[in-house]
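Residue numbering for the sequence shown follows the UniProt record's numbering, beginning at 1 and increasing consecutively. Note that CB positions come from ideal geometry on N, CA and C, so glycine has one too. Note sheet for the following structure.
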Amino acid sequence: MSAGPGTATDRPGSLVLHASCVALGDRAVLIRGASGSGKSTLALALLARGAALVADDRCALEVRGGRLLAEAPPTIAGLVESRGVGLIRVPYLTRAAVTLVVDLDGAPDGRLPPLQNCDILGQSLPLLPGYGVPHLQDTLWLLLNEGTLTNPDAMP
């Protein structure tokens with residue numbers, strides 16, 4: 001699975017996606033999906049729990065040192081949208097390494113779906129389809145706090 005639609009930048013090996021990104025420690029989750037799919041809402045829920053904003057609405061991505069790095073385009077750095085309220089300025093990280101991708105347009109395949117990956121700029125990352133997933137913000141909070149995805153086929 002590929003990164004999805006994005007915009008090329010003037011920097012080779014970089015891309016701007018319609019996505020949000022939040023981080024905790026050295027882990028960042030890239031939240032992608034169509035307009036109105038809940039990217040900012042999910043980011044706000046994780047920010048309220050203590051995650052740090054990297055980018056909202058658009059996320060600039062590039063590979064450095066074998067890691068996919070995310071940052072906000074300068075014009076929107078530190079801004080997060082709260083639908084029906086407006087833009088909120090918050091402290092933000094200038095850059096974070098993406099360790100997980102959530103796709104709010106994709107639905108999981110069953111109760112215990114197989115692990116999936118996606119490719120962004122040649123980097124393979126775990127992919128979590130998030131459409132309709134109950135308690136998605138709780139799951140992401142656990143994964144940002146040192147949790148790991150486990151292959152259901154490996155369970156006894």
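Pair within 8 Å by beta-carbon distance, residue i and residue j
i: Gly78; j: Arg95; result: no
i: Trp141; j: Arg67; result: no
i: Leu104; j: Arg27; result: no
i: Thr41; j: Arg83; result: yes
i: Leu125; j: Ala51; result: no
i: Val22; j: Leu53; result: yes
Neighbourhood of residue i by C-beta, 8 Å cutoff - its chain only, sequence neighbours within 5 removed
i: Ser35; result: His18
i: Pro113; result: Pro129 and Pro152
i: Pro91; result: Ala52, Leu53 and Gly78
i: Leu47; result: Val22, Leu53, Val80 and Val90
Proximity to residue i [Cα-Cα], best of the options
i: Leu69; options: Leu93, Leu47, Asp119 and Ala97; result: Ala97
i: Gly25; options: Cys59, Leu44 and Thr99; result: Thr99
i: Ile76; options: Arg83, Leu128, Arg64 and Ala60; result: Ala60
i: Val102; options: Gly110, Leu115, Gly65 and Leu93; result: Leu115
i: Pro108; options: Gly132, Gly86, Glu71 and Ala43; result: Gly132
i: Gly13; options: Asp56, Gly65 and Pro74; result: Gly65
Close beta carbons around residue i, own chain, < 6 Å, minus the five adjacent residues each side
i: Glu146; result: none
Pairwise C-alpha distance: residue j and residue i
i: Ser2; j: Cys118; result: Caution applies to Ser2, whose pLDDT of 44 falls short of 50 and renders its modelled position unreliable; the model cannot decide the point.
i: Pro129; j: Arg58; result: 19 Å
i: Leu15; j: Leu127; result: 18 Å
i: Arg111; j: Thr139; result: 14 Å
i: Glu71; j: His135; result: 26 Å
i: Gly86; j: Val80; result: 8 Å
i: Ser20; j: Ile120; result: 15 Å
i: residue 162; j: Leu93; result: Past the boundaries of the shown model lies residue 162; the chain is included only from 1 to 156, so the question cannot be answered.
i: Ala43; j: Pro73; result: 17 Å
i: Thr148; j: Lys39; result: 22 Å
Close Cβ partners of residue i (< 7 Å) along its chain, the five nearest in sequence each way excluded
i: Ala45; result: Gln137
i: Ser37; result: Leu104 and Asp105
Nearest-angstrom Cβ-Cβ length linking residue i and residue j, presumed shorter than 8 Å
i: Gly106; j: Val63; result: That belief does not hold up - the Cβ atoms of Gly106 and Val63 are roughly 23 Å apart, past 8 Å.
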